[in-house]
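To start, the structure itself, in structure tokens.
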Amino acid sequence: MPRSKPRSVRGSIGAALLALLLVSCTGAPLPSPSPSQSSSPALATTGPTATFTFGTAAQPLGLDPALVSDVEAFRVTRQVLEGLVGVDQTTGLPTPLLATEWSETDNGRSYTFKLRTGVKFQDGSPFDAKSVCTNFNRWFNFPASLRQQAPGSSFKSVFEAHSDQASLSIYKGCSALAPDNVRIDLTQRFTGFLQALTLPAFGMSSPKAMAEGTADVLDQTREGTAISKYAAHPVGTGPYSFGGWDNTKVTLVSNKDYWGDKGQIGTINFVTYDHPQARLQALLDGKIDGYDAVTVGNFDQLVKQGKQIIQRDPFSVMYLGMNQEIPILQNLEVRQAIEMALDKDTLIRKFYIDNTAEAAQFVPPKLNGFNNDAPTLGYDPAKAKALLAKSGYKGEQLKFYYPLNVTRPYLPTPEKIYAEISRELTAVGFNIKPVPIEWSDGYLQKVQSPGDHALHLLGWNGSYSDPDNFVGPLFGEKNGEFGYQDVQVFSKIERARGLPEGQERTDLYHTINNQIAASVPAVPIAFPISALALSDRVLKYPASPVLNEVFTKVELKP
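For the record, in the sequence shown the residue sitting at position 243 is 620 according to the working numbering, with numbers rising by one throughout.
So this is what it looks like as structure tokens:
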């Protein structure tokens, strides 16, 4: 099936979503694209001049993508930092970016990258093989104390371990073979390696800027998150340079020395409106050119106003998390009763955009490894009550964490979703204690770290097209979010990472999904469709299921 283009809606919601094919890269070298030239002679000499203002649902948690993993941080840093490998908007394949080609050797345990020459970081320092190794070795050598301060780091979820447990890590080392030639060595085959490199977390930072900004010293605070000076002023090779960051917006400006197409936009303002209605009104008032995270409540109003709505194909999962460090949740029957108490159909109809699908597993249906027959207990409140009585549950209080004043692609209206789930759980006999926490007060860190959270609302937005990107970070090892420990599942996830694409790998992910579903460490609820709203000024927006949306590709009316 061909991958669909982003769906555009203006005054109508009748068009059906097309299918998205997300495929893994084989590792074969790809040709280097020629940087596209501006169609305007004036732009070629003066650079882009348009200002584009985008409404976001929250402030970023930091701007060092190696240490945070929230949507708003990645939205900004995708413009500033680039990785070795990009994502083709049409096919989903890895595509040249800072590397123009690559080759795989040693049965998938070694990758050699030919680097783009003449590229400089925004501080004027050169991008070369040495700087690539500086970045990789920084990530590998993150100390445990830093990782505790920054649980949003992606390196371990992809490569399994850091240098203090080097024997467990997929990453082995980086060698600068020449200024334009670098080799990354792995300890084992990792089928999703090239796909993983498309993550914003592996964007290249200027070694000079990281040193000057003491990037590994988190002595500042933003949105309840400890960050470094560097994380408040990132420096990469991307088409936009950091301009400023205050309590309401982040400003980026066109990188005059950018090696590729600079597009039409000279200044981007990412302005935060933490309430859906405020974002809608800002668009209607002409204060912003577009915004993300359109909610069900916004959708009809936008349609009536004739505004553009772009829907992304579903590539995230929303779930109810459970923490098995809470003693009563170690009981499988209690977790099963929670699953049977949830009316997923009602939750989706009330709070999600049309065509959002019900989830019975954590791998989305467009990926190899999705299991059509994953076990599900279904909605059955009567059985939930009976199972709860059988389990020995005696009304123990369950603290239910949920975020306030935020909209995520997978969680459009968290307060309302919490209220409905809490009602459903209480109806079958659970004793729920609400614990509302402002997103900006470190909600993400609180529910992903060990603590007293029994239940919590969260989701996972896929960043690259491999099932490991979903089950690996969530269930590949014991973590503070779920307190889940199943050495069989951990071992199978590790094995699946290294299997070549094919039936054996697909079958193993089917088995993994079955085992996760049967043990209920969390309850997947929906594969949400997310949507953006755009002003009439916008002719084209590069919507992406993995949110790989770089603003040089936005086209504006003259």
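Positions of the beta carbon are idealized from the N, C-alpha and C atoms, including for glycine.
Keep in mind it's a predicted model, so treat the numbers as computed, not measured.
Pairwise C-alpha distance: residue j and residue i
i, j, result
"Q572", "S912", "33 Å"
"L834", "L697", "5 Å"
"E881", "P780", "40 Å"
"G432", "D884", "42 Å"
"A543", "K549", "8 Å"
"L947", "V897", "Here the chain comprises residues numbered 378 to 935, so residue 947 is not present and cannot be evaluated."
"D818", "G849", "27 Å"
"P691", "P473", "25 Å"
"L399", "A766", "Low confidence applies to L399: its pLDDT is 35, below 50, so where it sits in the model is not reliable, and the reading given next is rough at best. The straight-line gap from Cα to Cα measures roughly 44 Å."
"P626", "V740", "The question names Pro, yet the displayed sequence has Lys at residue 626. Near 34 Å, if we compare the C-alpha coordinates of V740 and K626."
"S385", "T733", "Annotation note: pLDDT 46 at S385 (below 50); position unreliable, coordinate value reported separately. Answer to the nearest angstrom: the Cα atoms are 16 Å apart."
"V694", "F904", "5 Å"
"F747", "Q738", "8 Å"
"A655", "S799", "27 Å"
"L595", "F536", "23 Å"
"M581", "G667", "28 Å"
"Y918", "G640", "12 Å"
"G828", "G860", "10 Å"
"S409", "A751", "Below a pLDDT of 50, predicted positions are generally treated as unreliable, and S409, at 39, falls in that range; the measurement from the model is reported next regardless. For S409 and A751, the distance between alpha carbons rounds to 41 Å."
"V559", "G460", "13 Å"
"A434", "N675", "13 Å"
"T428", "D465", "26 Å"
"C402", "Q526", "Caution is warranted here: a pLDDT of 36 is assigned to C402, below 50, making its placement in the model unreliable, and the coordinate value is therefore given only provisionally. Cα to Cα, the separation comes out at about 34 Å."
Extent of the continuous alpha helix (DSSP H) run through residue i
i, result
"Y668", "Note, Y668: premise wrong, no alpha helix (DSSP H); beta strand (DSSP E) at 667–669."
"A729", "Note on identity: in this sequence residue 729 is Tyr, with Ala being the wrong assignment. From DSSP, Y729 is part of no alpha helix (DSSP H); its letter is neither H nor E."
"I893", "880–896"
"A655", "653–661"
"M717", "709–718"
"A573", "570–573"
"A796", "791–804"
"Y820", "820–825"
"R515", "506–517"
"Q865", "864–875"
"L679", "673–681"
"A553", "That residue, A553, is in no alpha helix (DSSP H); its beta strand (DSSP E) goes 548–555."
"S534", "532–536"
Assumed close pair residue i, residue j - CB separation to whole angstroms, cut-off 8 Å
i, j, result
"L440", "A609", "7 Å"
"I547", "Y488", "That belief does not hold up - the Cβ atoms of I547 and Y488 are roughly 12 Å apart, past 8 Å."
"M699", "L706", "5 Å"
"L933", "L916", "6 Å"
"N808", "G772", "5 Å"
"P584", "S508", "5 Å"
"T477", "K664", "Going by Cβ atoms, the distance from T477 to K664 rounds to 41 Å, so no, they are not a contact pair."
"N782", "D623", "About 18 Å; that fails the 8 Å criterion."
"R914", "G836", "So it is not a contact: roughly 31 Å between Cβ atoms."
Residue i - containing beta strand (DSSP E), residue span
i, result
"P473", "471–473"
"V694", "693–699"
"L781", "774–781"
"D562", "558–563"
"E478", "476–482"
"K639", "Premise fails: K639 is in no beta strand (DSSP E) and is neither H nor E."
"L629", "626–631"
"P811", "808–815"
"P901", "899–904"
"R599", "597–599"
"V462", "462–464"
"F490", "487–492"
"V915", "915–917"
"A432", "Looking at the sequence provided, one finds Gly at residue 432 rather than Ala. Per DSSP, G432 belongs to the beta strand (DSSP E) from 427–433."
"L834", "832–838"
Residue from the options whose Cα sits closest to the Cα of residue i
i, options, result
"F871", "P556, L545, G495, N632", "Note that residue 871 is Glu in the sequence shown here, rather than Phe. Taking only the C-alpha atoms, the option nearest E871 is L545."
"E926", "G501, D669, D541, A586", "D669"
"I794", "H830, P813, N514", "P813"
"T564", "G875, S522, T598, E478", "G875"
"N632", "G879, P922, T426", "T426"
"D593", "T628, A796, N518", "N518"
"Q865", "D843, G879, I893, D845", "I893"
"G485", "W636, N745, G569, T723", "G569"
"T591", "R515, G501, W479, Q466", "R515"
"D557", "A506, E878, V805", "A506"
"K823", "T803, E858, E801", "E858"
"S534", "V923, V931, P922, N846", "N846"
"T598", "T790, Q436, D843, E797", "Q436"
Heavy atom of the ligand GTP within 6 Å of residue i beta-carbon
i, result
"Q707", "Among the components modelled here there is no ligand, and therefore nothing to report on the ligand GTP."
Are at least three pairs of beta-carbons, each pair with one atom in the segment 882–889 and one in the segment 634–651, less than 8 Å apart? Taking one beta carbon from each stretch, the segment 882–889 and the segment 634–651 have fewer than 3 pairs nearer than 8 Å; the two do not touch.
For the segment 575–591 against the segment 434–446, are there 3 or more C-beta pairs whose distance is under 8 Å? Yes, they touch.
Quick one: any contact between the segment 850–857 and the segment 713–728, if contact means 3 or more CB pairs under 8 Å? With a cut-off of 8 Å, the segment 713–728 and the segment 850–857 do not count as touching, because too few Cβ pairs lie within range.
For the 8 Å Cβ check, are there 3 or more pairs between the segment 600–607 and the segment 494–504? The segment 600–607 makes no contact with the segment 494–504; the number of CB pairs closer than 8 Å stays below 3.
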